[in-house]
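Each residue of the sequence shown is one higher than the one before, starting from 550 at the first, in the working numbering.
We put the beta carbon where it would ideally sit given N, CA and C, even for glycine.
Taking it in order: structure first as structure tokens, then the write-up.
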Amino acid sequence: MEKYYELDTASVINYVNGKLDFFAKDAEYECLEIGDGNLNLVFRVNDKKNDKSLIVKQSLPYVRAAGEDWPLDIGRGEIESRILQIEYKLTNGLVPEIYLYDGDMCCMVMEDLSDYKIMRYGLIEHEIYPNFVEQIADFMVKTLLLTSDVVMEHKEKKDYVKSFINPELCEITEDLVYTEPFNIGARNDMEENLVEFHKKNIVDDPKLAIEAAKLKFDFMNNAQALLHGDLHTGSIFVNKEQTKVIDPEFAFYGPIAYDIGALVANLIMNYLSSFYGMQEGPEKEKYCSWMLKTIKDTVDVTKTKFLSEWDDVVTDKMAKKEGYKEFWVDDVFINTAGVSGCEMTRRTVGFAHVKDLDGMTDAKARYKAKTTNLLMAKELIINRADYTNGQKYLDLIGKYCK
Ligand code: SR1
Ligand code: MG
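If you want it as structure tokens, here you go:
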């Protein structure tokens with residue numbers, strides 16, 4: 550920690566030039582702090598004259614969204630830079646390229662994606678991304694299937710498991726996703742008019758409690774694949790052509806359902822904010838039908854890709870036995886529904902919310918979207934075994950959103 554200091558928009562330029570031969574001598578710098586996540590500082594350093602830019606991401610020794618009272622392992626960027634390099638190779642560039650990781654400054658320098666937008670903000674503006682499903686499904690299948698025991702040599706996989714032990718970040722998920730939202734108090738944060746609703750429908754339901762508990766211990770004990778660990782729409786950069794995944798600092802070996810479920814949940818929450826928040830008319834119709842198709846296809850295309858890749862890449866003799874592939878894939882998608890439900894719950898009543906729902910300006914519509922979100926979440930957790938294909942999600946949404 551002796552060599553660590555917190556960067557700002559002035560010092561980051563010298564910092565980068567001391568580490569990398571990236572910018573030209575005559576560079577005209579423009580530097581902004583663009584981090585809007587819960588944890589880190591993120592700078593974009595741009596040379597206007599030569600049109601070259603990069604991103605510097607620095608870990609803080611605490612949770613940015615909470616302040617110094619919530620300390621956090623400052624070395625987390627090391628895991629992030631390692632997984633990004635692995636994912637870059639596995640996915641042929643569906644993540645940004647890493648130029649440098651500096652363990653003294655807990656800093657990562659990487660490719661700038663200035664012609665992309667954070668997907669959550671694009672979706673809030675009702676933008677449509679035609680290539681998203683194919684690319685994100687490729688990302689998930691390649692990073693998850695290829696790092697699992699059915700494909701990897703088992704001792705090598707165990708070395709990976711060891712080197713991606715990420716206890717502090719996992720603890721955040723164990724608490725914020727799988728524990729606090731199903732109880733009263735702690736760091737939960739909800740609108741006043743949801744307090745009673747939350748108690749009655751979530752906290753006081755014993756059936757929900759046991760199913761959420763099962764999902765929590767699946768998250769903690771099922772070292773199935775090398776997860777991104779926080780695959781919501783704020784961790785994805787998109788434009789009309791391309792998709793890039795960022796921010797895998799919560800990476801560890803966990804259940805594949807955790808990545809797919811987080812993504813599906815965030816798409817559903819955007820749908821709810823649009824269904825209840827947009828004015829009636831052709832724009833709403835077009836956007837909402839695209840989002841419904843995106844939810845359905847995210848499940849179905851990912852599932853189909855797992856099944857079709859399997860025969861080409863699986864190496865384990867027992868995994869090749871007839872019927873095992875279908876069992877494995879079904880199990881992943883059953884738990885995907887459960888994870889989606891936990892993510893939807895925590896984003897409504899827990900510590901970390903989503904702008905899709907919180908940003909709805911009409912209070913009545915926001916209440917309707919948030920309560921519907923909680924009821925659908927509960928159904929997805931309790932009856933997750935029914936949600937093995939995309940149409941089932943659309944049936945559920947259709948039942949609630951009338
Ligand atoms: C204290 S961190 C809160 C949330 O932000 C991250 O993006 C993760 O989703 C985490 O749960
Ligand atoms: Mg993040």
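Measuring only the C-alpha atoms, how far is residue i from residue j?
| i | j | result |
| --- | --- | --- |
| Asn819 | Leu812 | 11 Å |
| Ile714 | Glu928 | 32 Å |
| Glu702 | Asp865 | 8 Å |
| Phe799 | Ala774 | 13 Å |
| Tyr807 | Ile628 | 18 Å |
| Ala886 | Val612 | 29 Å |
| Asp575 | Met550 | 33 Å |
| Asp905 | Ser784 | 14 Å |
| Thr728 | Leu743 | 18 Å |
| Ala559 | Val565 | 11 Å |
| Pro831 | Ile673 | 17 Å |
| Lys852 | Asp557 | 44 Å |
| Tyr637 | Ser630 | 10 Å |
| Ala761 | Phe731 | 8 Å |
| Tyr942 | Ser608 | 37 Å |
| Phe768 | Gly890 | 14 Å |
| Tyr825 | Gly908 | 12 Å |
| Leu693 | Asp687 | 10 Å |
| Thr843 | Leu639 | 24 Å |
| Asp860 | Phe876 | 14 Å |
| Asn770 | Lys704 | 18 Å |
| Lys833 | Lys951 | 14 Å |
| Glu646 | Asp754 | 46 Å |
| Tyr648 | Glu741 | 46 Å |
If you check the beta carbons only, do residue i and residue j fall under 8 Å apart?
| i | j | result |
| --- | --- | --- |
| Arg896 | Val888 | no |
| Glu717 | Leu621 | yes |
| Val710 | Ala772 | yes |
| Lys597 | Glu579 | yes |
| Ile883 | Ala934 | yes |
| Val682 | Lys854 | no |
| Asp651 | Lys707 | no |
| Gly872 | Asn737 | no |
| Gly624 | Cys656 | no |
| Phe572 | Leu662 | no |
| Ile751 | Leu923 | yes |
| Leu757 | Ile635 | no |
| Val881 | Gly939 | no |
| Val591 | Lys606 | yes |
| Thr792 | Leu643 | yes |
| Lys763 | Glu723 | no |
| Lys913 | Asn788 | no |
| Lys870 | Leu856 | no |
Check the C-beta distance from residue i over to residue j and give it rounded, since I have them as a contact under 8 Å.
| i | j | result |
| --- | --- | --- |
| Ala868 | Met893 | In fact, because the Cβ distance is near 32 Å, the residues do not count as touching under 8 Å. |
| Ile604 | Met659 | 5 Å |
| Pro804 | Gly778 | That belief does not hold up - the Cβ atoms of Pro804 and Gly778 are roughly 11 Å apart, past 8 Å. |
| Val699 | Val863 | 5 Å |
| Glu858 | Asn680 | Wrong, their Cβ atoms sit about 19 Å apart, outside the cutoff. |
| Thr921 | Tyr949 | 5 Å |
| Ile685 | Leu841 | Wrong, their Cβ atoms sit about 16 Å apart, outside the cutoff. |
| Ile496 | Lys748 | In this structure the chain extends from 550 to 951, so residue 496 is not present and cannot be described. |
| Ile562 | Val594 | 6 Å |
| Ala901 | Asn587 | 6 Å |
Name the residue from the options whose alpha carbon lies nearest to the alpha carbon of residue i.
| i | options | result |
| --- | --- | --- |
| Met827 | Thr692, Arg915 and Ala573 | Arg915 |
| Asn641 | Ala573, Glu829, Asn732 and Val794 | Val794 |
| Cys719 | Tyr802, His675, Met657 and Leu639 | Tyr802 |
| Tyr678 | Tyr836, Phe746, Ser697 and Lys941 | Tyr836 |
| Leu879 | Asn788, Tyr637 and Thr937 | For clarity, residue 879 is Asp in the given sequence; the question names Leu instead. Looking at the Cα atoms, Thr937 is the closest of the given residues. |
| Asp944 | Lys874, Lys552, Asn599 and Lys845 | Lys845 |
| Tyr554 | Lys870, Ile647, Asp653 and Glu646 | Asp653 |
| Tyr670 | Asp861, Ser823 and Asn932 | Ser823 |
| Gly584 | Asn599, Glu577 and Ala614 | Ala614 |
| Trp619 | Lys874, Glu741, Lys870 and Ile721 | Ile721 |
| Ser697 | His675, Leu776 and Asp753 | Leu776 |
| Leu821 | Leu780, Lys704, His675 and Leu649 | His675 |
Taking the DSSP output, what are the residues bridged to residue i?
| i | result |
| --- | --- |
| Val612 | Gly616 |
| Gly803 | Ala774 |
| Tyr578 | Asp596 |
| Cys656 | Gln607 and Asp651 |
| Thr792 | Val787 |
| Leu590 | Gln607 |
| Ile667 | Phe786 |
| Lys941 | In the DSSP output, where bridge partners are listed per residue, Lys941 has none listed. |
| Ser697 | Ser697 pairs with nothing; no bridge assigned. |
Cβ of residue i versus every heavy atom of ligand 3: is any distance shorter than 7 Å?
| i | result |
| --- | --- |
| Ser857 | Although ligand 3 was asked about, the structure shown includes only ligand 1 and ligand 2 as ligands. |
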